[in-house]
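Engineer: Here it is, the structure in full.
Protein chains: 2
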Amino acid sequence: MLQEQKSEFTKQTILNESFKLFYKNGFKTTSVDTIMKTTKLTKGAFYHHYKNKKELGLAVISLKLQERVFKGMIEPLQQPGNVVNILENTFSERLKSFSLHDKKHGCPTNNFINEIGDFETAYQMALKQIIDNWRDALILLLERGKTEGSIKQNISSASVAVYLISAFEGVRGIRKLYDTDVILDEYMSGLSIYLQQIKH
Amino acid sequence: MLQEQKSEFTKQTILNESFKLFYKNGFKTTSVDTIMKTTKLTKGAFYHHYKNKKELGLAVISLKLQERVFKGMIEPLQQPGNVVNILENTFSERLKSFSLHDKKHGCPTNNFINEIGDFETAYQMALKQIIDNWRDALILLLERGKTEGSIKQNISSASVAVYLISAFEGVRGIRKLYDTDVILDEYMSGLSIYLQQIKH
DNA sequence: TATAAAAAATACTAGTAGGTATGTTTTTTA
DNA sequence: TAAAAAACATACCTACTAGTATTTTTTATA
Numbered sequence: 001m002l003q004e005q006k007s008e009f010t011k012q013t014i015l016n017e018s019f020k021l022f023y024k025n026g027f028k029t030t031s032v033d034t035i036m037k038t039t040k041l042t043k044g045a046f047y048h049h050y051k052n053k054k055e056l057g058l059a060v061i062s063l064k065l066q067e068r069v070f071k072g073m074i075e076p077l078q079q080p081g082n083v084v085n086i087l088e089n090t091f092s093e094r095l096k097s098f099s100l101h102d103k104k105h106g107c108p109t110n111n112f113i114n115e116i117g118d119f120e121t122a123y124q125m126a127l128k129q130i131i132d133n134w135r136d137a138l139i140l141l142l143e144r145g146k147t148e149g150s151i152k153q154n155i156s157s158a159s160v161a162v163y164l165i166s167a168f169e170g171v172r173g174i175r176k177l178y179d180t181d182v183i184l185d186e187y188m189s190g191l192s193i194y195l196q197q198i199k200h
Numbered sequence: 001m002l003q004e005q006k007s008e009f010t011k012q013t014i015l016n017e018s019f020k021l022f023y024k025n026g027f028k029t030t031s032v033d034t035i036m037k038t039t040k041l042t043k044g045a046f047y048h049h050y051k052n053k054k055e056l057g058l059a060v061i062s063l064k065l066q067e068r069v070f071k072g073m074i075e076p077l078q079q080p081g082n083v084v085n086i087l088e089n090t091f092s093e094r095l096k097s098f099s100l101h102d103k104k105h106g107c108p109t110n111n112f113i114n115e116i117g118d119f120e121t122a123y124q125m126a127l128k129q130i131i132d133n134w135r136d137a138l139i140l141l142l143e144r145g146k147t148e149g150s151i152k153q154n155i156s157s158a159s160v161a162v163y164l165i166s167a168f169e170g171v172r173g174i175r176k177l178y179d180t181d182v183i184l185d186e187y188m189s190g191l192s193i194y195l196q197q198i199k200h
């Protein structure tokens, strides 16, 4: 295999395994040794590709988490159709689509935010980028709804966007405490009530 | 000093310092050594009063966190007055009352939930208790509102309760990423919009 | 006031953490 | 095909981790 391809493959493998382990066991409490054991590689390989654990953490945030939020929560907003329907579908369907694993361990982005969002500026900024992108995409959709007449004119799109994101991330955490989906069903019903209010 | 009093004082000191350090730096990443250094006591004292770190963690959850949520978010719900006003005041005033430290580090309960809510059943259950109490208190208030005619009859109190809690906990995390209170203002405005919908 | 018991201090263990120094293997290139 | 460079492996270092064993100090009690 070409050296460049092989090297890139190794780096991606480390990144992917790291994401999984951070998601399952937390960032700070997952050691470089543990990561490299799952990749069947050694520490030498790790420190050849990444400067240190911090650089890996930032890579997981700006590559894995960013992509996950984009595909799951932002891209679905950019379709044509009724704005309120898109909102309800995006938030509800996303929740329904989660595996047991993903329900148990919450939102990987929210986990990072709560674990290291107040730890170092570099992490803070990388995570902020994700939320800002999400918020902006929601605002854009809500403004389209106002233009099309499906969303009330007198409500602040930014406020609705932030409230929607907050509730979603919040319930992803709270669900960790329960063994059933009752809390998710209640969330979805609570979301519906909210969307009724912003509908024109 | 009486032995019993002195002993209880020491145990409380360890508990209080632990809460502060867990809040600031996380549970898993705060060592028993670090805790005992701030108390000016030694490891011998710690392991005399607590079986292990897990027991301490559970004590912080069921004593410190429980009390904090009760005083800040449950007790204010149990006053007489218009239900919608009580809800708006409780959630908004609480946010406004937070110090810079508390804004920076989010909600200590939510931090525990996201860090170890999926780690061990014992933690899960202790944390679940807090959320259940909060949820129950909100449902009780909303049901009173329905009886009094200030809250719409056809909305599920449990759903509204869960959505309110989720959004509150969610924004406490997200605020960590920002250096300003803009996100909190947007949350509060988004909350207002929600409460308009459930008002009769 | 001697003795027992509780509270706390000291010294230690075995295991894990991030990171480094150096060696070996593989691939590229001249 | 030999030398250079990149990819990866091995061995190790220092600092820190939860927890234990033992000793000293303080307090209660007979």
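Residue numbers (the UniProt record's numbering), protein chains in the order written: chain V, 1 to 200; chain L, 1 to 200.
For each residue, glycine too, the CB sits at the ideal point set by N, CA and C.
Closer than 7 Å, Cβ to Cβ, to anything on chain V: give me those residues from the stretch 100 to 123 of chain L, in chain order.
Structural biologist: 104, 105, 106, 110, 111, 113, 114, 115, 117, 118
Engineer: Does any C-beta atom of chain L lie closer than 8 Å to the C-beta of residue 169 of chain V?
Structural biologist: yes
Engineer: Ordered along the chain, which non-local residues of its own chain (more than five positions away) have a Cβ less than 6 Å from that of residue 189 of chain V?
Structural biologist: none
Engineer: Ignoring anything shorter than 4 residues, give me the alpha helix (DSSP H) runs that lie fully in the stretch 102 to 159 of chain V, in order along the chain.
Structural biologist: 108 to 116, 121 to 148
Engineer: When DSSP labels each residue in this structure, what does residue 199 of chain V get in the three-state scheme?
Structural biologist: strand
Engineer: Which term fits residue 64 of chain L, buried or exposed, when burial requires 16 or more other beta carbons within 10 angstroms of its beta carbon?
Structural biologist: buried
Engineer: Against residue 160 of chain V, what residues of chain L qualify as contacts under a CB-to-CB distance less than 7 Å, listed in chain order?
Structural biologist: 190, 193
Engineer: Counting contacts by CB-CB distance shorter than 8 Å, is residue 178 of chain V in contact with chain L?
Structural biologist: yes
Engineer: Measuring only the C-alpha atoms, how far is residue 152 of chain V from residue 86 of chain V?
Structural biologist: For residue 152 of chain V and residue 86 of chain V, the distance between alpha carbons rounds to 16 Å.
Engineer: When you compare the CB of residue 28 of chain V with every CB in chain L, is at least one pair closer than 8 Å?
Structural biologist: At least one C-beta of chain L is nearer than 8 Å to the C-beta of residue 28 of chain V.
Engineer: What does residue 173 of chain V touch in chain L if you count any residue whose Cβ is under 9 Å from its own?
Structural biologist: Residues of chain L whose Cβ lies closer than 9 Å to the Cβ of residue 173 of chain V are, in chain order, 110, 113, 114, 117, 166, 169, 170, 173.
Engineer: Could you check which residue in L:139, L:114, L:100, L:160 has the C-alpha nearest to that of residue 184 of chain L?
Structural biologist: L:100
Engineer: Is the shortest distance between the beta-carbon of residue 127 of chain V and the beta-carbons of chain L less than 8 Å?
Structural biologist: yes
Engineer: Between residue 88 of chain V and residue 41 of chain V, what straight-line distance do the alpha-carbon atoms span, to the nearest angstrom?
Structural biologist: 44 Å
Engineer: Contact criterion: CB-CB distance below 8 Å. Does residue 18 of chain L meet it with respect to chain V?
Structural biologist: no
Engineer: Since residue 155 of chain V meets chain L, which of its residues come closer than 7 Å, beta carbon to beta carbon?
Structural biologist: For residue 155 of chain V, the C-beta contacts it makes with chain L under 7 Å involve 193, in order along the chain.
Engineer: Could you have a look at residue 63 of chain V and say whether DSSP puts it in helix, strand or coil?
Structural biologist: In the structure shown, residue 63 of chain V sits in a helix (DSSP, three-state: H, G or I).
Engineer: For a cutoff of 8 Å on Cβ pairs, would you count residue 186 of chain L as touching chain V?
Structural biologist: Interface residue (Cβ-Cβ distance to chain V less than 8 Å): residue 186 of chain L is classified as such.
Engineer: Show which residues of chain V have a CB atom less than 7 Å away from the CB atom of residue 197 of chain L.
Structural biologist: Within chain V, the C-beta atoms nearer than 7 Å to that of residue 197 of chain L come from 193, 194, 196, 197, in chain order.
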